[in-house]
Amino acid sequence: MEVQLPPARYEFGGDEFIFVEIDREMSLEANLKAMAITGALRRENIDGVIDICPSNASYLVRLDPDRLHPTELVEELRRLERTAGELRSDDAVSTRIVDVPVLFDDPWTRETLMRFRDRHQDPEVTDLEYAARINGFSDVPSLIESITSAPFLVTMLGFVPGLPFCYQMVPRDRQIEVPKYVRPRTDTPERAFGYGGAFSVVYPVRGAGGYQLFGIAPAPVFDLAQRLPDFADDIAFPRPSDVLRYRAIDRDEYDRTRVEVEEGRFRYRIREAELVPAELLADPDAVNRGLLEVLYR
0 MEVQLPPARY
10 EFGGDEFIFV
20 EIDREMSLEA
30 NLKAMAITGA
40 LRRENIDGVI
50 DICPSNASYL
60 VRLDPDRLHP
70 TELVEELRRL
80 ERTAGELRSD
90 DAVSTRIVDV
100 PVLFDDPWTR
110 ETLMRFRDRH
120 QDPEVTDLEY
130 AARINGFSDV
140 PSLIESITSA
150 PFLVTMLGFV
160 PGLPFCYQMV
170 PRDRQIEVPK
180 YVRPRTDTPE
190 RAFGYGGAFS
200 VVYPVRGAGG
210 YQLFGIAPAP
220 VFDLAQRLPD
230 FADDIAFPRP
240 SDVLRYRAID
250 RDEYDRTRVE
260 VEEGRFRYRI
270 REAELVPAEL
280 LADPDAVNRG
290 LLEVLYR
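Right under this line is the structure:
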C-alpha cells in the first residue's frame with residue numbers, strides 16, 4: 000500500500016535551514032512520512048547536516064553551508080521523499096512502546112481548572128465533562144475508555160522542552176478533538192495530562208497552558224537533573240515516533256508511583272518494536288492490538 004500526499008513544499012531559512020512541509024494539516028500519513036524521511040536522513044549521516052527536527056506534518060533540517068550546499072541537500076531530501084517517503088508495505092520504523100499511567104479527574108488539575116472557568120467555553124462543567132459532550136460520549140468514563148483503548152504516536156516535542164505532542168493511532172472519524180481554552184490559563188500543574196485539538200500532552204513543568212485538563216501523570220516526562228534511570232541519556236524522555244499507551248490508574252497506584260519517583264526508583268515500562276506505517280494506515284486496530292500485546296506480554 001502506498002500513501003498519496005501532495006508533493007512536499009521546500010523552503011530555505013537563510014543559509015542554515017531547510018523547512019519541508021509535508022502537508023498543510025496533521026494526519027497519521029503526513030507524520031509517518033516525515034518520520035520516515037528524517038529517519039532515512041539520519042541513517043545516511045551526511046557531512047554538514049547538523050540537526051534534524053521532525054514536526055507534526057513537516058520537518059526542519061539545520062546544515063553547515065560551508066560543508067554542504069543547501070541546494071544539494073534539497074535534492075537529497077527530494078530523493079528521500081520519493082523513496083523513504085512512499086511508505087511502502089515493507090518499510091518499518093523502529094519505535095518504543097511505553098506504558099504511561101494517568102490519574103484521570105485528579106484533585107490537582109480539577110482545582111486548577113475550576114480556578115479558570117471564566118476562560119473556558121463552558122464554565123458550568125469540568126474539562127472532561129465538556130470534552131465528553133462535544134465528542135458525543137454518553138459520560139466521562141466512556142471518554143476515558145476511548146483515550147486509553149488505543150495508543151498514541153509521539154509526533155514531535157516542542158512548545159517547552161520535553162513536551163510530547165501525541166496523536167491517537169485511530170482513523171480520523173474516531174479522533175477525539177477539543178478546542179483550547181478561550182484564553183490561556185496562567186497556571187498548569189507539572190505532569191498535567193491535557194488535550195487540545197486532536198493532540199494529547201503531558202506538561203513537563205508547571206506554567207501557563209491552554210489545553211483542556213483531563214488528569215495528571217505520576218511520572219515525569221522531563222528531568223533536568225536526570226535523577227531517574229530513564230533520563231540517563233536525555234533530560235526529555237519521549238522521542239518522536241514513540242508509541243505511548245495512556246493507562247488509567249487509581250489514587251493508590253498514583254501515590255505508590257510518586258514514591259518511586261521521589262526515591263529515584265521509577266522506570267517506565269518500555270518495549271522495543273517495529274512499526275510498519277503502511278500496515279498502521281491499512282488496519283490501525285490490528286496494529287494497535289499487536290503493539291499492546293508486545294507491551295504487556
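For the sequence shown, position 125 (counting from the first letter as 1) is numbered 124 according to numbering that gives the first Met the number 0, and the numbering increases by one without interruption.
The beta carbon of each residue, even a glycine, is placed where N, CA and C say it ideally should be.
The beta-carbon separation of residue 252 and residue 150, rounded to 19 Å, does not stay under the 8 Å limit for a contact. Residue 167 sits away from residue 194, with the two beta carbons spaced by 8 Å or more.
Counting only runs that start and end inside the stretch 218–260, the beta strand (DSSP E) elements of at least 3 residues fall at 242–247. Excluding the 5 residues flanking it on each side, residue 73 has same chain C-beta neighbours closer than 7 Å at 9 and 17, in chain order. Looking only at 127, 148 and 209, the smallest Cα-Cα distance to residue 285 is reached by 148.
Under DSSP, the beta-bridge partners assigned to residue 215 are 102 and 191.
When DSSP states are grouped into helix, strand and coil, residue 21 belongs to the coil group.
The beta carbon of residue 47 sits closer than 6 Å to those of 62, 63, 66 and 67, all from its chain and outside the five residues before and after it, given in chain order. The beta carbons of residue 202 and residue 162 sit closer together than 8 Å.
For the 8 Å CB-CB criterion, residue 228 and residue 260 do not form a contact. By a beta-carbon distance limit of 8 Å, residue 277 does not contact residue 290. Their separation comes to about 15 Å.
The Cβ atoms of residue 247 and residue 103 lie closer than 8 Å to each other. The criterion of a C-beta distance shorter than 8 Å is satisfied by residue 175 and residue 145. By a beta-carbon distance limit of 8 Å, residue 20 contacts residue 7. Their separation comes to about 6 Å.
Residue 95 is bridged by DSSP to 271. As a beta-bridge residue in DSSP terms, residue 155 pairs with 164.
Per the coordinates, the alpha-carbon of residue 287 lies some 17 Å from the alpha-carbon of residue 26.
Membership of residue 289 in the alpha helix (DSSP H) is indicated by the continuous run 283–295.
A straight-line Cα-Cα distance of about 35 Å links residue 32 and residue 186.
Excluding five sequence positions before and after residue 120, the CB atoms of its chain that fall closer than 8 Å to its own CB belong to 129, 178, 180 and 181, given in chain order.
A straight-line Cα-Cα distance of about 21 Å links residue 78 and residue 55. Here DSSP, grouped into helix, strand and coil, assigns residue 123 to coil. Spatial neighbours of residue 293 in its own chain (CB-CB distance under 7 Å, excluding positions within 5 residues in sequence) are listed in chain order as 96, 270 and 272. When the beta-carbon positions are compared, residue 58 and residue 51 come within less than 8 Å of each other. Beta-bridge analysis with DSSP links residue 16 to 12 and 61. Linking residue 232 to residue 38 through their CA atoms gives a straight-line distance of about 19 Å. Distance between residue 118 and residue 207, taken at the CA atoms: about 13 Å.
Nearest Cα to residue 283 within the set 22, 83 and 28: 28.
Per DSSP, the continuous beta strand (DSSP E) segment holding residue 51 begins and ends at 48–53.
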